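Trainee: For the protein sequence lines, the chains are A and B, in the order given.
The first sequence begins at 1 in our numbering and counts up by one.
The second sequence begins at 266 in our numbering and counts up by one.
Number of protein chains: 2
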Amino acid sequence: MPAVSVVGYSHRAATRAKARRLAIATEVAEELSDAVCDTDLIILATPIFTFAKYFADLNRLVRRGCIVTDVGSTKMLPHRWAREQLTDEALYIGSHPIAGSEQRGIEFARDDLFVDAHCILTTTQDVNRSALGTLRRFWSDLGCYVETMSPAEHDRILANVSHLPHVIAAGLVNASDPRDMKSAGKGFLDSTRIASGPADIWTDVLLANTNNIVAGIDRVLAELSAMRQALKSEDRQTIHALLEEARSKRAALVKYKIRKKELLS
Amino acid sequence: MPAVSVVGYSHRAATRAKARRLAIATEVAEELSDAVCDTDLIILATPIFTFAKYFADLNRLVRRGCIVTDVGSTKMLPHRWAREQLTDEALYIGSHPIAGSEQRGIEFARDDLFVDAHCILTTTQDVNRSALGTLRRFWSDLGCYVETMSPAEHDRILANVSHLPHVIAAGLVNASDPRDMKSAGKGFLDSTRIASGPADIWTDVLLANTNNIVAGIDRVLAELSAMRQALKSEDRQTIHALLEEARSKRAALVKYKIRKKELLS
Chain A
1 MPAVSVVGYS
11 HRAATRAKAR
21 RLAIATEVAE
31 ELSDAVCDTD
41 LIILATPIFT
51 FAKYFADLNR
61 LVRRGCIVTD
71 VGSTKMLPHR
81 WAREQLTDEA
91 LYIGSHPIAG
101 SEQRGIEFAR
111 DDLFVDAHCI
121 LTTTQDVNRS
131 ALGTLRRFWS
141 DLGCYVETMS
151 PAEHDRILAN
161 VSHLPHVIAA
171 GLVNASDPRD
181 MKSAGKGFLD
191 STRIASGPAD
201 IWTDVLLANT
211 NNIVAGIDRV
221 LAELSAMRQA
231 LKSEDRQTIH
241 ALLEEARSKR
251 AALVKYKIRK
261 KELLS
Chain B
266 MPAVSVVGYS
276 HRAATRAKAR
286 RLAIATEVAE
296 ELSDAVCDTD
306 LIILATPIFT
316 FAKYFADLNR
326 LVRRGCIVTD
336 VGSTKMLPHR
346 WAREQLTDEA
356 LYIGSHPIAG
366 SEQRGIEFAR
376 DDLFVDAHCI
386 LTTTQDVNRS
396 ALGTLRRFWS
406 DLGCYVETMS
416 PAEHDRILAN
426 VSHLPHVIAA
436 GLVNASDPRD
446 MKSAGKGFLD
456 STRIASGPAD
466 IWTDVLLANT
476 NNIVAGIDRV
486 LAELSAMRQA
496 LKSEDRQTIH
506 ALLEEARSKR
516 AALVKYKIRK
526 KELLS
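#1: Using a C-beta cutoff of 7 Å, does R402(B) count as contacting chain A?
#2: Per DSSP, G398(B) is paired with what?
#3: Taking the straight line between their C-alpha atoms, what separation do you get for H383(B) and R401(B)?
#4: Would DSSP call I358(B) helix, strand or coil?
#5: Which partner residues does L41(A) have in the DSSP bridge list?
#6: On the DSSP letters alone, give me the boundaries of the alpha helix (DSSP H) that Y256(A) sits inside.
#7: Tell me whether V266(A) sits in a helix, a strand or coil according to DSSP, three-state version.
#8: Under 7 Å, do P430(B) and M341(B) count as touching if we go by C-beta distance?
#9: Going by C-alpha to C-alpha distance, which of G436(B), L508(B) and S395(B) sits closest to G171(A)?
#10: For R250(A) and L326(B), what's the separation of their Cα atoms in angstroms?
#11: What are the residues that DSSP puts in a beta bridge with M181(A)?
#12: Check the Cβ of V161(A) against every Cβ in chain B and list those closer than 9 Å, keeping chain order.
#13: Is the segment 490-497 of chain B touching the segment 204-215 of chain A in the sense that three or more CB pairs, one from each, lie closer than 8 Å?
#14: Can you find a CB in chain A that lies within less than 7 Å of the CB of G436(B)?
#15: Mind reading off the beta-carbon distance from D190(A) to R458(B)? Whole number of angstroms is fine, and I expect it under 8 Å.
#16: When you compare each of R219(A), L224(A) and I168(A) to G452(B) by their alpha carbons, which one comes out closest?
#17: Opposite H118(A) in the DSSP bridges: which residues?
#18: Can you give me the Cβ contacts of D200(A) inside the same chain, cut-off strictly under 8 Å, excluding the 5 residues immediately before and after it?
#19: Using a Cβ cut-off of 8 Å, which residues of the segment 211-231 of chain A contact any Cβ in chain B, in chain order?
#20: Over what stretch of residues does the alpha helix (DSSP H) that includes L471(B) continue unbroken?
#21: Return the bridge partner residues of E153(A) from the DSSP annotation.
#22: Compare the C-beta of E245(A) against all C-beta atoms of chain B and say whether one is closer than 7 Å.
#23: In or out: E223(A) buried (at least 16 other Cβ within 10 Å) or exposed?
#24: With DSSP as the reference, please indicate the residues paired to V293(B) in a beta bridge.
#25: Roughly how many angstroms separate the alpha carbons of T50(A) and L142(A), rounded to a whole number?
#26: Beta-carbon of P362(B) versus every beta-carbon of chain A: anything under 7 Å?
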């Protein structure tokens, strides 16, 4: 990657101070305007429902042709807000590098976070091809496997592989008695890890993708009802078929992820 | 731990050969009778619904006062079968060391599997105190934190922290389109890991604990329905409250597990 200058900005003074202390960026700006006035690429990493306001501010501040992207977990609303607010020819393309953990804050930053990660770029028909090439190269150079799709397709898929699992994990924890949970093993801990994610960030994610998530919940409710019925009637064959279907589907997924180097073999 | 002689036995010739090749035991017996006739402690590690038959066989083979235990995931049925079959004064006590992974086979054996693991012993009112002391010492010496409870209490708790999460993970995988799953990140993979467990073993586990698991499914269905309703009505406050409840409950669990050394800080 060519030499780049990374300018950080947060609306919180404490976060700016921490970013300076941890030397997380080339420079940390005190004002949004100083951070963005002379830049080629702006990456928003704030809760989704702050984007509309940021886009409006950026529209006044950035130079023409500046690429604006984000790392939010849904894309339909950001694209709509970008269309409404970024009217002076800043170029918006959505980014979703699928990496990170349930932990929050720049103290959890890692140099290798994006190595062999899957990164989805979202574009609309009027996308600027040159800007798309630049953004694709940016994420590739960080180590990502980059894929492009529409915002609607992104939100449908991410509901299924990320937002729905979060809802399920939270539901499982909330259905559990804290005294019983003390006997939990690694299985329970792993299957509920994502429920430890920050509630405010995830409230935004869920609210930005309600239709797709509700559809996913309905599919899970149907699966759980089928298993419930099989258990009630002690139907060994159906129970085995449901468990084996899940086992073999996940085995195929693990094999794919190992091939893509997203998982170690 | 005093010098012990570990005798292995499997009904499968291939497994016996593999056990010899991996030197997993002091000795591997060709016949069940050779494995158990002169032993102080027998540990069954087979699917739950094979126990009744094994208990009947062992009853003819073992010497009086021999301790019989198992590492099965439910305990009410094993205690019932032991009461019915182990009539010649072999002493049955249930063991459930909460350790291991979704992987199966002696090639996944690990010397340190039980270090800092939680181990539940299940007993009834007529338990032989001396045998219980011996079994407790056995698991403690392997590194376990040992707790004793009734079979009914064990099955209720394990339904909630192990069997129900397995059903949920399988349901989530089965509700997912394999093409969408290719975009899954670490969150989806972790939250569904247990669904990779062997379907035959888990069919036995679920069938041996249907009432408790159905009650758990009903609680999860209620939680998912509450979240579904909140999403449909874009009720930010309720969505946030549900996510924050799960986050804080799990944070308390992680804190407890770190204190117990079951998790690294």
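From the three backbone atoms N, C-alpha and C, an ideal C-beta is built for every residue, glycine too.
Just so we're clear, the structure is a prediction, and the values are computed from it rather than from any experiment.
Mentor: In short, the structure shows the following:
#1: no
#2: Per DSSP, none; premise fails for G398(B).
#3: 12 Å
#4: coil
#5: I67(A)
#6: R236 to R259
#7: A question about residue 266(A) goes unanswered here, because the residues of chain A that appear run from 1 up to 265.
#8: no
#9: L508(B)
#10: 42 Å
#11: DSSP lists no partner for M181(A).
#12: S441, D445, M446, K447, S448, A449, G450, G452 and F453
#13: yes
#14: yes
#15: 5 Å
#16: I168(A)
#17: I98(A) and Y145(A)
#18: P47
#19: I213, V214, G216, I217, D218, R219, V220, L221, A222, E223, L224, S225, M227, R228 and L231
#20: A464 to L472
#21: For E153(A), which the question treats as bridged, DSSP gives no partner whatsoever.
#22: yes
#23: buried
#24: G273(B)
#25: 26 Å
#26: no
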